[in-house]
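Counting from 1, position 66 in the sequence shown corresponds to residue 65 in my numbering; the numbering is continuous, with no gaps. Please read the structure below before turning to the comments.
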Amino acid sequence: MNRYVRLALFILLVLGGGSLIGYYNLPGEWYAGLVKPSFNPPNWIFGPVWSILYVMIAVAGWRLWEHHRSSPSMTIWWAQLALNFLWSPAFFGMQNSGLALVIVIAMLALIYTFIARTWNLDRVAAWLFVPYAAWVSFATLLNASVWWLN
C-alpha cells in the first residue's frame, strides 16, 4: 500500500472517528445548563480546533507507523487516541464530568509522555503533539472547573 494512502487512512481514522464521536455526543441541554468558568470559550471554536488537531495527531501517528510502528511511542499514540475518543461519550453522553476528568488527565499524561518518548525518535511527530498538549491542558482545566462548579 502506498504511504500516502496510509496517511489518508490515518487522517480518516482520526478526523473521521473524532467527528463521528462528536456528532453523536453533542453538548445539548445538559451542557447548556451547567455553570461554566468565565474563561470557557464559545462552543463554535471546538469544532475547528479539534479538526486541526486531529489532522496533526493523524500525521504524527502516520509518521511513527511508517518508521517505528512497533515502538513504545506508537503504543502510546494508540492509547491516547482511545482515551481521546472516550472523553466525549463520558462527558456529554454519560453526562459525567468526573469520569471525563479522570479520562482527560490520563490522556494528557499520555500526550506528554508521547512527546518525551518521541522527541529523539521523530522530532516532527513530537512537535505535532505540542499544540495538542496545550489544548488538552486547557481542556483539562475546563473539565476540572465544570466538575468543581457543578
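Think of the CB as a built atom: it goes at the ideal place given N, C-alpha and C, for glycine as much as any other residue. Computed from a predicted structure; not experimentally measured.
So Val123 and Arg68 are in contact, right, with Cβ under 8 Å, and what is the actual spacing, rounded? Contact doesn't hold; Cβ gap of about 16 Å is too wide.
Quick one: residues in its chain with C-beta nearer than 8 Å to the C-beta of Phe91, no 5 flanking neighbours on either side, listed in chain order? Result list for Phe91: Asn24, Leu25, Pro26, Gly27, Trp29, Tyr30, in chain order.
Is the segment 68-79 in contact with the segment 2-16, if contact means three or more CB pairs nearer than 8 Å? No, because fewer than three Cβ pairs between the segment 68-79 and the segment 2-16 fall closer than 8 Å, the two stretches do not touch.
By how many angstroms is the C-alpha of Ser72 removed from the C-alpha of Met55? The straight-line gap separating the alpha-carbon atoms of Met55 and Ser72 is approximately 16 Å.
Could you tell me whether the segment 36-55 touches the segment 87-101, using the rule of 3 or more Cβ pairs below 8 Å? Here the segment 36-55 makes no contact with the segment 87-101; the two share fewer than three CB pairs at distances below 8 Å.
Would you tell me roughly how many angstroms separate the C-alpha atoms of Ile20 and Ala125, rounded to the nearest one? For Ile20 and Ala125, the distance between alpha carbons rounds to 25 Å.
Looking at the secondary structure, which residues open and close the alpha helix (DSSP H) in which Ile114 lies? Here the alpha helix (DSSP H) through Ile114 covers 96-117.
Counting C-beta neighbours from all protein chains within 10 Å, is the total for Ser37 16 or more, i.e. buried, or is it exposed? Exposure of Ser37 is indicated by the presence of fewer than 16 other C-beta atoms within 10 angstroms of its C-beta.
Rounded to whole angstroms, what's the CA-CA distance from Tyr22 to Trp118? Just pull it up for me. For Tyr22 and Trp118, the distance between alpha carbons rounds to 33 Å.
For Tyr53, tell me which candidate among Leu109, Trp146, Leu11, Asn42 has the shortest Cα-Cα distance. Closest option to Tyr53, judged by alpha-carbon separation, among Leu109, Trp146, Leu11, Asn42: Leu11.
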